[in-house]
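Take a look at the structure below.
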Amino acid sequence: MNLPVIIKFVIDLLAVLLLALGIKGLSKVKSARDANRLAAFAMSLSVVGLLSYYLGTSGIAIQSWIWIIIGSIIGSLFGAILAKKVPMTSMPETVALFNGCGGMSSLLVALGVAIFPLSAGQENFDFFKSLINEVSISVSIFVGAITFTGSIVAMAKLQGWLSTPGWTQSKVRHFVNIVFAIASLIAFFDLINGNTSSIWLLVIVSSLLGIGVTLPIGGADMPVVISLLNSYSGIAAAAAGFVVDSQLLIVAGAMVGAAGLILTQVMCKGMNRSLVSVLFGGSLSAQSTASSGSGEYTNITSCSVEECALTLEAANKVIIVPGYGLAVAQAQHTLREVTKKLEQNGIEVVYAIHPVAGRMPGHMNVLLAEADVPYEQLKEMDVVNPDFPATDVVLVLGANDVVNPQAKNDSSSPLYGMPVLDVQEARTVFVIKRGMSAGYSGIKNDLFDLPNTSMVFGDAKKVLNDLIGELKDLGVGEK
Amino acid sequence: MSFVSLLWVLLLGSLLGLELIGKVPPTLHTPLMSGANAISGITMLAALTLIVKAEANVPLLIIGSVSLGFALFNVVGGFFVTDRMLAMFSRKPSNKK
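Top line first, the protein sequences correspond to chains W and B.
Numbering-wise (the working numbering), the first sequence opens with residue 2 and increments by one.
Numbering-wise (the working numbering), the second sequence opens with residue -18 and increments by one.
Right, here's the structure in full:
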């Protein structure tokens, strides 16, 4: 072993260690930020290791440097700008977009190697070795393409650029996707047989498969899909690692792939849905129109902000249930002002966080943290559920499906079995909502019909602002 | 490296990934996903390898460069976005009076 090989070996080992520590640290609140920086450092270290290895062995040609610099500058610049500019509410879409680009990168690497075989592999032709090469190229292209198109579709759906077309809910879609899957298999074997041109077929068909699988999935399930696609991009990276013979790539890719799978499973558990039903069950709302889940509201009580303020003033314990609507209205700071007033009045305020509130697990935590809500006031579902009967007022802000009692009572409901917050157990429930539209699942919410529920119609931010005014008039929180 | 040892690397890497995040508070799901996503941009190493080995093959250089751009978009954006999210958690103690 000569020096460059030893240096690269040591750096790679160190990078793997740091990446593992980074992922580990990201799972604890205290260490998360440092862990993220550690992982970023490990990534830069791995680049230094690779470049120093080539500098010490074959050398790096001038034109290579030029293209390296062009690619890095453009990619990093756009990434950094987007990361700085994007609002916190669009986090899920942003992660989906980044993820898709990671998949695209793996796809391009495999494509490049497939079209222009690297000189290193040609020297001593070995059937077994070339077979492995073809297989890893195909896997990298297949998974990379699915990751890319799937992530882009997921992003477009979350942004509202794409809705779920009706035809994708029919059984035909399974047939279409099976055709795509078979076609990719054919292209795969054709490619291994040495027919290089079928690589384009593989690219096209697996891209279509990514679209076909993601498009029918309802918005409520999108977080799971993004997490799964995140896992895929890890697998694509590992496959690319086989293509260019890099252990570091394989380890890192495999770690992300496995970690992504675990996270996906955690999310599925939170919604009480299996991965299979998320992927093949289609959108929830499409099922509910067929079942008894939908229907008209019969007993809606609407109330003014003033009444809401009066009830809040008299309360001892208030639980806030935030949802996606809060994020859309960007009302987290206004909410914080309201709760500050209540707290100053000696009212106990707690935030109930459903595991899948918002469009991503942890979405609400991030949002409320932005508004400086103390971490201790955020309670997880299992912790807070027994507290509802002893609670005077529940404020539901832009949450819908996660407070639907149907999930407990109505076995014919598509939501049945999903763990929900038992807000109806509280003395009074106020639902702040723009209109009577259904939640992301498209299912009627029985909560709104209950006698102890009052609807306060309006944009969350505006209602909360009005609420501050009313509380001020009542002298709440002023000494 | 032989294929078999690469498979071992794959296996052990996967097991490591499964072990690493046993218990994660829901708070950290989004940052963890985003951070893991940034790490999956490690394909930038593959793109770099491609560019270095392409020598004078211009189309391959371009493919490698575009691939590198996509990967770095993923890496740089991913880490920044994760940091932004996590900054909100760590900011609180200093604000408390």
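C-beta atoms are modelled at their ideal positions from N, C-alpha and C, and glycine is treated no differently.
Going along the chain, which residues of its own chain have a beta-carbon closer than 8 Å to the beta-carbon of residue i, five neighbours each way excluded?
i	result
residue 304 of chain W	431, 455, 456 and 457
residue 209 of chain W	150 and 181
residue 19 of chain W	39, 40, 42, 43 and 46
residue 269 of chain W	225, 275, 276 and 279
residue 175 of chain W	281
residue 214 of chain W	147, 151, 178 and 280
Using a 10 Å radius around the Cβ and a threshold of 16 neighbouring Cβ atoms, would you call residue i buried or exposed?
i	result
residue 218 of chain W	buried
residue 224 of chain W	buried
residue 35 of chain B	buried
residue 51 of chain B	buried
residue 389 of chain W	buried
residue 13 of chain W	buried
residue 82 of chain B	Any answer about residue 82 of chain B is impossible in this case: the structure gives chain B only from -18 up to 78.
residue 84 of chain W	buried
residue 471 of chain W	buried
residue 197 of chain W	exposed
residue 425 of chain W	buried
residue 121 of chain W	Summary for residue 121 of chain W: the model assigns pLDDT 48, below 50, so the residue's position carries little reliability; its value from the coordinates is reported in the next sentence. It is exposed - the Cβ of residue 121 of chain W has fewer than 16 other Cβ atoms within 10 Å.
residue 255 of chain W	buried
residue 154 of chain W	buried
residue 289 of chain W	Unreliable placement is indicated for residue 289 of chain W, whose pLDDT of 44 sits below 50; the coordinate value is still reported in the next sentence. Residue 289 of chain W should be labelled buried.
residue 190 of chain W	exposed
residue 68 of chain W	buried
residue 473 of chain W	exposed
residue 60 of chain W	exposed
residue 31 of chain W	exposed
residue 410 of chain W	exposed
residue 68 of chain B	exposed
State the DSSP-derived secondary structure class of residue i, mapped to helix, strand or coil.
i	result
residue 299 of chain W	coil
residue 58 of chain W	coil
residue 163 of chain W	coil
residue 432 of chain W	strand
residue 424 of chain W	helix
residue 2 of chain B	coil
residue 9 of chain W	helix
residue 380 of chain W	strand
residue -14 of chain B	helix
residue -5 of chain B	helix
residue 15 of chain W	helix
residue 31 of chain W	coil
residue 477 of chain W	coil
residue 9 of chain B	helix
residue 396 of chain W	strand
residue 25 of chain W	helix
residue 318 of chain W	strand
residue 44 of chain W	helix
residue 304 of chain W	coil
Please return the same chain residues whose Cβ sits closer than 7 Å to the Cβ of residue i, not counting the five positions on each side in sequence.
i	result
residue 33 of chain W	26 and 27
residue 299 of chain W	450
residue 49 of chain B	25, 28, 29 and 32
residue 206 of chain W	181, 184, 185 and 188
residue 365 of chain W	323, 354, 358 and 359
residue 328 of chain W	90, 359, 364 and 368
residue 78 of chain B	At residue 78 of chain B the pLDDT is 32, less than 50, meaning the model places this residue with poor confidence and gives no usable figure here.
Could you name the residues of the same chain whose beta carbon sits closer than 6 Å to that of residue i, not counting the 5 residues immediately before and after it, in chain order?
i	result
residue 462 of chain W	330, 332 and 335
residue 5 of chain W	54, 57 and 58
residue 314 of chain W	475 and 477
residue 229 of chain W	265
residue 423 of chain W	386 and 389
Please compile the residues from chain A whose C-beta is within a distance smaller than 7 Å of the C-beta of residue i.
i	result
residue -10 of chain B	Annotation note: the requested chain A is absent from the structure, which comprises protein chains W and B.
_Interface residues of the segment -8 to 6 of chain B facing chain W [CB-CB below 9 Å]_ = Considering only beta carbons, the part of the segment -8 to 6 of chain B lying closer than 9 Å to chain W consists of -8, -7, -6, -5, -4, -3, -2, -1, 0, 1, 2, 3, 4, 5 and 6, in chain order.
*Relative to chain B, which residues along the segment 93 to 112 of chain W have a C-beta separation below 7 Å, given in chain order?*
95, 96, 99, 100, 102, 103, 105, 106, 107, 109, 110 and 112
*With 8 Å as the limit, tell me which residues of the segment 26 to 38 of chain B have their beta carbon closer than that to any beta carbon of chain W; keep them in chain order.*
26, 27, 28, 29, 30, 31, 32, 33, 34, 35, 36, 37 and 38
*Uninterrupted alpha helix (DSSP H) stretches inside the segment 322 to 375 of chain W (no shorter than 4 residues)*: 325 to 330, 333 to 345 and 364 to 371
*Which residue spans inside the segment 174 to 208 of chain W form an unbroken beta strand (DSSP E) run of at least 3?*
none
_For a minimum of 4 consecutive residues, which ranges assigned as the alpha helix (DSSP H) are wholly contained in the segment 17 to 61 of chain B?_
25 to 35, all fully within the segment 17 to 61 of chain B.
_Near-chain B residues of the segment 252 to 266 of chain W (beta-carbon distance less than 7 Å), N- to C-terminal order_ = 252, 253, 254, 255, 256, 257, 258, 259, 260, 261, 263 and 264
*Between the segment 21 to 55 of chain W and chain B, which residues of the former have CB atoms less than 8 Å from a CB of the latter, in chain order?*
21, 23, 24, 25, 27, 28, 29, 30, 33, 34, 36, 37, 38, 40, 41, 44, 47, 48, 51, 52 and 55
*Taking only runs of the beta strand (DSSP E) that begin and end inside the segment 444 to 474 of chain W, which ones reach a length of at least 3 residues, in chain order?*
454 to 458
*For the segment 78 to 138 of chain W, list the alpha helix (DSSP H) runs that are entirely contained and at least 4 residues long, ordered along the chain.*
92 to 116 and 120 to 123
*Residues in the segment 45 to 62 of chain B with C-beta within 8 Å of chain W's C-beta atoms, listed in sequence order?*
45, 46, 47, 48, 49, 50, 51, 52, 53, 54, 55, 56, 57, 58, 59, 60, 61 and 62
*Could you please tell me which residues of the segment 370 to 385 of chain W, in chain order, have their CB closer than 8 Å to any CB of chain B?*
370, 371, 373, 375, 376, 379 and 381
*Those runs of the alpha helix (DSSP H) which lie wholly inside the segment 240 to 281 of chain W and span at least 4 residues*: If we require 4 residues or more, the alpha helix (DSSP H) runs fully inside the segment 240 to 281 of chain W come out as 248 to 272 and 276 to 281.
*Can you list, in chain order, the residues of the segment 226 to 242 of chain W whose Cβ is nearer than 8 Å to any Cβ on chain B?*
Listed by position along the chain: 227, 228, 231, 234, 235, 237, 238, 239, 241 and 242.
*Please name the residues in the segment 60 to 74 of chain W whose beta-carbon is closer than 8 Å to at least one beta-carbon of chain B, in chain order.*
61, 62, 64, 65, 68, 69, 71, 72 and 73
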